[in-house]
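J.:
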Amino acid sequence: MSKSKKKFYAVAIGRRPGIYDKWFGEDGAEPQVKAFPDARYQGFYSLREAQEWLKAFDLQGQTVQPAKPAPKSRESKTEKPKKQRPRAKINAKKELKKGKVIIYTDGGCLTNPGTGGYGTVLLYGDKRKELSAGFRRTTNNRMELMACIVGLKTLKFPCSVFLFSDSQYVVNGIKKGWAKRWRKRGWMRTVDQPAENADLWEQLLDLCETHNVEFSWVKGHAGNKENERCDRLAREAALDKKNLSRDTAYETGQTKVAEQPKLF
Numbered sequence: 059m060s061k062s063k064k065k066f067y068a069v070a071i072g073r074r075p076g077i078y079d080k081w082f083g084e085d086g087a088e089p090q091v092k093a094f095p096d097a098r099y100q101g102f103y104s105l106r107e108a109q110e111w112l113k114a115f116d117l118q119g120q121t122v123q124p125a126k127p128a129p130k131s132r133e134s135k136t137e138k139p140k141k142q143r144p145r146a147k148i149n150a151k152k153e154l155k156k157g158k159v160i161i162y163t164d165g166g167c168l169t170n171p172g173t174g175g176y177g178t179v180l181l182y183g184d185k186r187k188e189l190s191a192g193f194r195r196t197t198n199n200r201m202e203l204m205a206c207i208v209g210l211k212t213l214k215f216p217c218s219v220f221l222f223s224d225s226q227y228v229v230n231g232i233k234k235g236w237a238k239r240w241r242k243r244g245w246m247r248t249v250d251q252p253a254e255n256a257d258l259w260e261q262l263l264d265l266c267e268t269h270n271v272e273f274s275w276v277k278g279h280a281g282n283k284e285n286e287r288c289d290r291l292a293r294e295a296a297l298d299k300k301n302l303s304r305d306t307a308y309e310t311g312q313t314k315v316a317e318q319p320k321l322f
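Take the sequence shown: its position 242, counting from 1, is numbered 300 in the working numbering, and each next residue is one higher.
1) Below 8 Å, can you find three or more Cβ-Cβ pairs linking the stretch 291-305 to the stretch 245-264?
2) Have a look at R325 and V315 and give me their C-alpha separation to the nearest angstrom.
3) Would you mind stating whether Y308 and P171 have Cβ atoms separated by less than 9 Å?
4) Could you please give the first and the last residue of the uninterrupted alpha helix (DSSP H) stretch that includes G231?
5) Check for me: the alpha helix (DSSP H) holding K156 runs from which residue to which?
6) When DSSP labels each residue in this structure, what does S134 get in the three-state scheme?
7) In whole angstroms, what separates the C-alpha of P89 from that of K233?
8) Report the rounded CA-to-CA distance for R304 versus L203, giving the unit in angstroms.
9) According to DSSP, simplified to helix, strand and coil, what is W275?
10) Suppose you measure from the CA of G177 to the CA of T163; what does that come to, to the nearest Å?
11) Beta-carbon within less than 6 Å of K80's beta-carbon, same chain only, minus the 5 sequence neighbours each way: which residues are those?
12) Closest to I160 by CA distance: which of E107, R106 and N270 is it?
13) With the cut-off set at 9 Å, would you say G174 and L181 are in Cβ contact?
14) Do L263 and R200 count as a contact pair if the criterion is CB distance below 9 Å?
15) Where DSSP assigns a beta bridge to D164, which residues make up the other side?
16) Would the beta-carbon of R293 fall within 9 Å of that of G157?
17) Given a threshold of 16 other Cβ atoms within 10 Å of its Cβ, counted over all protein chains shown, does R325 qualify as buried or as exposed?
18) What separation, rounded to the nearest whole angstrom, lies between the Cα atoms of R241 and A70?
19) Quick one: what does DSSP say A68 is sitting in, helix, strand or coil?
20) Just verifying my parser: in three-state terms, what is the DSSP assignment at A191?
21) Can you tell me whether S190 is buried or exposed, with buried defined as 16 or more other CB within 10 angstroms of its CB?
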């Protein structure tokens with residue numbers, strides 16, 4: 059006797075990863091994978107089978123398999139690993155003379171979450187522009203992201219930019235490709251965990267596609283003149299109770315959805 063019709067559909071990579079008990083319809087699996095780049099899904103006869111299949115995916119969205127030992131070769135005995143030279147620190151003054159845009163950013167909250175602000179300093183040639191704003195309720199990470207977004211949005215045409223941030227969350231999110239992977243999976247960090255601040259990451263990724271942006275981490279509160287200035291701008295904005303804006307996405311609980319009304 060043949061097995062019954064498949065009743066469960068596991069979506070590992072799609073708009074909304076998870077397990078579905080039907081294929082068609084608004085709440086089915088098909089809308090999650092149709093026309094979605096590199097979608098990964100499969101149908102199963104039982105819920106347990108679907109769950110086991112999903113467990114076979116790691117955080118990178120690839121099937122988990124035991125690592126195979128690298129094949130030995132004669133060359134490997136004589137070859138020495140090449141040492142990677144540490145990258146020289148960026149000299150902001152020299153880059154400005156080359157026509158590059160330099161952006162310093164910082165953001166934070168008086169209490170996290172709570173009242174917050176961001177500060178941004180843009181340098182181009184001998185020109186300087188400072189930007190800041192405060193929000194009545196938000197988070198540290200959202201203020202760090204907003205500082206970058208505002209700085210890049212200020213540029214009127216595509217530019218080559220060096221952006222300095224003391225937020226490893228922001229710098230690693232771009233340089234290590236975290237944000238791009240989250241977007242590719244429909245803004246999911248894992249099979250069942252949405253990515254935080256998808257609304258702001260979406261804007262930042264779009265801006266990075268418009269401009270040639272190189273992110274660099276700078277240690278906060280360590281004597282960097284422009285980083286200290288950004289910190290002061292952010293704090294002053296957060297303390298200015300008369301001019302606090304509303305971080306609508308955060309206050310309405312919609313930060314895990316990419317498409318949001320523009321904040322700026």
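C-beta atoms are modelled at their ideal positions from N, C-alpha and C, and glycine is treated no differently. Nothing here was measured: the structure is a model prediction, and the numbers come from that model.
T.: Walking through what the data contain:
1) Judged by Cβ distances under 8 Å, the stretch 291-305 makes no contact with the stretch 245-264, as fewer than three pairs qualify.
2) There is simply no residue 325 to check, as the chain begins at 59 and stops at 322 in what is shown.
3) Mapped onto the sequence shown, residue 308 falls at position 250. Mapped onto the sequence shown, residue 171 falls at position 113. Yes.
4) Working through the sequence shown from its first residue, we reach residue 231 at position 173. Taken as a continuous stretch (DSSP letters only), the alpha helix (DSSP H) holding G231 covers Q226 to K233.
5) Locating residue 156 in the sequence shown gives position 98, where the first residue counts as 1. K156 -> no alpha helix (DSSP H), and no H or E assigned at all.
6) One-based indexing of the sequence shown puts residue 134 at position 76. Model confidence at S134 stands at a pLDDT of 40, short of 50, so the residue's coordinates are unreliable and nothing is read from them.
7) Working through the sequence shown from its first residue, we reach residue 89 at position 31. Working through the sequence shown from its first residue, we reach residue 233 at position 175. The straight-line gap from Cα to Cα measures roughly 31 Å.
8) Numbered from 1 along the sequence shown, position 246 holds the residue referred to as residue 304. Numbered from 1 along the sequence shown, position 145 holds the residue referred to as residue 203. Distance between the alpha carbons of R304 and L203: 16 Å.
9) Here residue 275 refers to the residue found at position 217 of the sequence shown. In the structure shown, W275 sits in a strand (DSSP, three-state: E or B).
10) Here the question's residue 177 lines up with position 119 in the sequence shown. Here the question's residue 163 lines up with position 105 in the sequence shown. Taking the straight line joining both Cα atoms gives about 6 Å.
11) Working through the sequence shown from its first residue, we reach residue 80 at position 22. Closer than 6 Å at Cβ, skipping near neighbours: G86.
12) For the purposes of this step, residue 160 is taken as residue 102 along the sequence shown, with counting starting at 1. The shortest Cα separation from I160 among E107, R106 and N270 belongs to N270.
13) If you number the sequence shown from 1, residue 174 lands on position 116. If you number the sequence shown from 1, residue 181 lands on position 123. Result no, Cβ atoms of G174 and L181 do not sit closer than 9 Å.
14) For this step, residue 200 is matched to residue 142 along the sequence shown. For this step, residue 263 is matched to residue 205 along the sequence shown. Taking 9 Å as the Cβ cut-off, R200 and L263 do not qualify as a contacting pair.
15) The sequence position of residue 164 within the sequence shown is 106, counting from 1. Looking at the DSSP assignment, D164 forms a beta bridge with G177.
16) Here residue 293 refers to the residue found at position 235 when the sequence shown is read from its first residue. Here residue 157 refers to the residue found at position 99 when the sequence shown is read from its first residue. Cβ atoms of R293 and G157: not closer than 9 Å.
17) The requested residue 325 is not part of the displayed model; the chain covers only 59 to 322.
18) As a position in the sequence shown, residue 241 is number 183, starting the count at 1. As a position in the sequence shown, residue 70 is number 12, starting the count at 1. Computed Cα separation, rounded: 14 Å.
19) As a working note, residue 68 is residue 10 in the sequence shown. DSSP places A68 in strand when its eight states are reduced to three.
20) Your numbering for residue 191 matches position 133 in the sequence shown. Residue state, collapsed to three classes: strand.
21) The residue given as residue 190 occupies position 132 in the sequence shown. Buried, since its Cβ has 16 or more Cβ neighbours within 10 Å.
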